[in-house]
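A quick write-up on the structure given underneath.
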Amino acid sequence: MRTSPRTSRLGSLLAAALALTLLTPLTDLVAVPARAADVAAAAPGPTVTETPGAVSLTVPATGSSPGYVVEVRTEEFALVTERAGKTVLGTATGDTGGLRFRSGDGSWQHATALTDWAWKDGVLTVTADSTLDGATVEARITPGADRYQLDWDVKGGGPKQLGLAYDLSSAGHWYGHGEAETPQGGPGVNQPWPLDAGEVDHKTFGPASYHMIDPFWYTSKSIGLRVDTGNVMDVALNKGKDGLGSFIVESPDTFKATVFVESTPLEVYRDYIGIVGKPAKSDAPYEQYAKPLWNSWAQFYTKVDQEKLLDYATDLYDNGLDGHTIQLDDKWESNYGNLTWDPKTFPDPKGLSKKIHDMGFDFGIWVTLWINLDSDNYQYAVDHDYLLKDAKDTSKPCEVTWWNGQAGIIDLANPDAKAWYEGNLKRLMDTYDIDGLKFDTRFFDEKCAPREGHQATDYQKLGTQLADEFDLQGAGIRVHWNQTAHEAGFVTRQVDKGTGWDSLRASASQNLAISTIGYPFVESDMIGGSGGQPAPTKDVLVRWAQSASLMPLMYASTSPVDTNDTTTGQKVDYDQETVDLYRQAIKTHEKLAPYIWDQVQSTLKTGDPIMRPLFFDFPKDEASYTVADEWMLGPAVLAAPKLSTGATRSVHLPPGTWYDVNQGTVIRGPKTLKGYAAPLGVTPAFVNLKATGADKAIKALKRDDAPAASVLITPDAPATDAGKPFEVTTEVTNWSTGTLKSVKAALDLPDGWSAKATGPTTADSLQNGAALATTWTVTPADDARWGSHDLTGTATYNRSTKVSDTVQAQVKAAPSSVQEPYLTTDTTSEDPQYAQGGDQFAIWAGGQDLSGWKDEKGVIYRDDAAGEKSTVQAQLVSQNSASPVGKAGIALANDLTAPEKGGYAVLAMTQSYGLEFMTDSDGDGKLDTWAGGGSTYHPAYLKLTRDGAAYTAYASKDGETWSQVGTAQVPSAAGTGDAGMVASAANVNYPGENIEAVFSGFSVS
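For the sequence shown, position 951 (counting from the first letter as 1) is numbered 1034 according to our numbering, and the numbering increases by one without interruption.
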């Protein structure tokens, strides 16, 4: 029977106190690898407390871990993880429930209310009632410094499956998973990024899957989830747009999961890699990173023969389309599994091999462990017990269906079977001078039974060990889920893609998914797609090649010379521009190879992915978390290829100093480049000038027609007071392969400013990679206006060519006083400060909020200045507050020193969330109406108009084109009132923090 929580027992444990605190050293808590720094700082340890409605497990922060709280809600059972007082992960509530199980009758049940708990030996054990009579849920939470283990079971009720369900929004955006099955055609033509941006419905998510997957997910709030299972799972994220993440294990056994709690997503990834392992080597050598692999599949599919393959290789060779290997894919065998050539289509395979080698290519072929039932080798394998057995009847071979018919699968756990298959491969390779292999299909199927003494997950390891004995030629192998797969260092190729734009976009986001679950040596599917759809258009093929050129490896098939449309059987000819642009992409990748190889070596040390989302490198850049068509390639290269129709795109640049390899200019982020020109011959890419490897990346990617040099001013945003000198440095760098002559640096200044160089400003010559650095002492005018002023560094070279860079130098306001007719007032507990310089004003203020619940602000105002028909206007030059809702703007009231006297309205810009227009509708001094939203911008021109009791708010980015923010009736407005400028730090969640707001051009008319 279901019961209510045993509050009497809980109360007796606590005695007279509300909280019970038990201390245990962190190093004794959980059998996961511990960080040395955490071990050294192991005290104080975790504490368990009970408060009304929850039992909370608190793990304090250490030098390398942020600390966290796991709150077990008692009335409606839920697990809520908090970091720094904010929820970062929460299980589902309501009818779904967080800890769910399928009962014997097929219905879904879940834990309901906490009935008992205990804290012993570093483990918090909680017991909960459930929606099923006679069934209880027991969960054990074992905390570590940066993670906790969650193990739980169902007692009674005969459960069939166990699952966790989370509210996706509680953790921000979700990533990981690998190749995702989606209702929109994933993984072939769709891969949502982040996962919650689309829908995932992956019902057979398991270790034997053909898809590259791991049971690991991570979030934008720096939470990770690993499910520790060898069973098939049913995984859904935002299925039917329900906002839930469901992780069901097809087993009644203990559900085991690890939840990581970190400060950045990259740290979560590293925690996961610390468990599953990182590559011990790269299976691919340098040449396979530098040049493409050409595989025949998408060019011919199964309609291939010796003559066609040789023509294909010859066309590539004659057109300078470089590559390291020609790989013959499916349909060369006399029958699947025979490992013998079809004499009708390949009458002279050794001669074919020689001709391919003579063109400078290696030669490879496609193979599989699946032997068709009508193959000559099938009966031999059956007779010698070389095949996997059927899971339902282990007396007979397991028969599986694949795209080429019915087959059995060689049992790699049988040493004799492995030796037989491996021997056949090596004889074939030796006889026909075959350099390497592409292994396809899977090494196991859920319809089959593992060999005695083995589990299904073992076959990923066995397949890895087999493949590791051969050169995989950059085609890699699709093994996953276990430590051996992670450590093998194989190249990972994607599942077959379609040939349209959607598939191209999926190829990019899918590589991000695969590389961030621990498989860093990624490549897209064959350039142009390979899913049996019509041949790719010229634009898709070229854009795909450009995209692949900025990935770790290039995997090619469709020839840019000509191909065959498998849907019509017709030949498709591409034009010369297609060939030229494809060749250019290959050359770009080859030039980038030294940089990429450096990243391979770095990955072998750290396990970090080479191709990764922007937020791995820039975790504080909120905009990066939803960018699906850009990525970092190592620390220096930001790739932003065009992945859709058209000739322009928006590019988001995170914080940093970026070199545009196409324009030859320097750009400071964060910045979004709207309408960036990307015609078919342009691949947008940017280099982080402060990152390791920037010099190699620029050398490889800089366009020949880009300026030979750039000039960079540092620091990025110098700040000073009026009349006070400061220093900047200009650095002119030669990015070209030649020598620059007559190089001269200069600094353009605002009127009244001066600058003196304290280093050389000229160089007779500047070698490749060399720089001319000049330090300047800059002195602003004594009466310089507060705010931003352009400083432009210029460089001329070769007597005529000129390049430049501009930074915004900030002249800071200093607290002083205001002059008549201006007055000041405030409603904060802190002491605000004010300043005036001509028509400029500044406010430094605290305040918990400026809204209906709190009206705390600093004010500069004019008394009785606004009549019944009036307009108040000001330019908000800048604002700076720790709180994202810090507010600065203009206000009207009958009396700004006493808003409760009526007529009160405020139009403000928030630090991060755009505009707010608030009014007092009933004359009690509280702002109780709201309009606004949008994005924040500066300068912001703000305007309030009053016509009796009707107030209207406007905003503008230029002071000329105005947009209405809102209108409201303020019945308490009476007679002539006050008008002014206001600022509030809105620091309720940022105690002690202030806002600085600078205004100009305040007027009342």
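Heads up, the beta-carbon is just placed ideally off N, CA and C, and yes, glycines get one too.
Please work out which residues of its chain come closer than 6 Å, Cβ to Cβ, to residue i, disregarding the five sequence neighbours upstream and downstream, and give them in chain order.
i, result
"G546", "F526 and V562"
"H672", "S632 and M637"
"A639", "P375, W377 and I610"
"A840", "T857 and W859"
"G758", "T731"
"A676", "Y372 and A373"
"G187", "G241"
"Q682", "I693 and G717"
"F184", "Q192, V237, P242 and L245"
"Q684", "none"
"N565", "T540, Q543 and K544"
"L471", "C481, I492, D494 and C531"
In or out: residue i buried (at least 16 other Cβ within 10 Å) or exposed?
i, result
"N1077", "buried"
"H467", "exposed"
"D865", "exposed"
"D1007", "exposed"
"A500", "buried"
"E133", "buried"
"T755", "exposed"
Which residue wins for smallest C-alpha separation from residue i, given the options the options?
i, options, result
"A568", "G611, I693, V359 and M634", "V359"
"E370", "D788, W680, Q274 and R156", "W680"
"L278", "G289, L736 and E264", "E264"
"E159", "T195, S190 and L933", "T195"
"Y944", "S334, I224 and V1065", "V1065"
"P432", "A464, Y987, V1048 and E390", "E390"
"A780", "G806, R588, G852 and P801", "G852"
What is the residue span of the beta strand (DSSP E) that residue i lies within?
i, result
"D645", "D645 to D648"
"A201", "W191 to K203"
"Q891", "T884 to K895"
"T547", "Premise fails: T547 lies in the alpha helix (DSSP H), D541 to A550, not in any beta strand (DSSP E)."
"P226", "T219 to P226"
"R626", "First-last for R626: K621 to A631, but that is the alpha helix (DSSP H), not the beta strand (DSSP E)."
"N817", "F809 to N817"
Could you check what DSSP says for residue i in three-state terms: helix, strand or coil?
i, result
"Q958", "strand"
"F526", "coil"
"G752", "strand"
"A981", "coil"
"N321", "coil"
"Y372", "helix"
"F573", "coil"
"G601", "coil"
"M295", "coil"
"M715", "strand"
"A853", "coil"
"N745", "coil"
"S592", "helix"
"S213", "strand"
"L726", "coil"
"P498", "helix"
"N771", "strand"
"I781", "helix"
Can you name, in chain order, every residue of its own chain whose Cβ lies under 8 Å from the Cβ of residue i, other than the five neighbours on each side?
i, result
"V749", "T740, W741, Y742, D743, L772, S793, V794, L795 and D888"
"A800", "V890, Q891, A892 and Q893"
Can you find a C-beta in chain D that's less than 7 Å from the C-beta of residue i?
i, result
"V886", "This model lacks chain D altogether, as it is built from one protein chain only."
Going by beta carbon distance, what residues of the same chain come within less than 7 Å of residue i, once the five residues before and after it are set aside?
i, result
"A137", "E154, V155, R156 and T157"
"G572", "P362, A363, K364, S365, D366 and F604"
Hey, could you find the ends of the alpha helix (DSSP H) residue i is sitting in?
i, result
"P677", "Q659 to T689"
"D866", "Segment: none, D866 is in no alpha helix (DSSP H) and carries neither H nor E."
"S440", "Just to set this straight, residue 440 is His in the shown sequence, not Ser. It spans P432 to D441 - the alpha helix (DSSP H) in which H440 sits, taken as one unbroken run."
"E154", "No alpha helix (DSSP H) holds E154; the beta strand (DSSP E) holding it covers Y151 to R156."
"R353", "P348 to V359"
"E345", "From DSSP, E345 is part of no alpha helix (DSSP H); its letter is neither H nor E."
"N1089", "Since the first and last residues shown for the chain are 84 and 1088, residue 1089 lies out of range."
"E390", "Q389 to D401"
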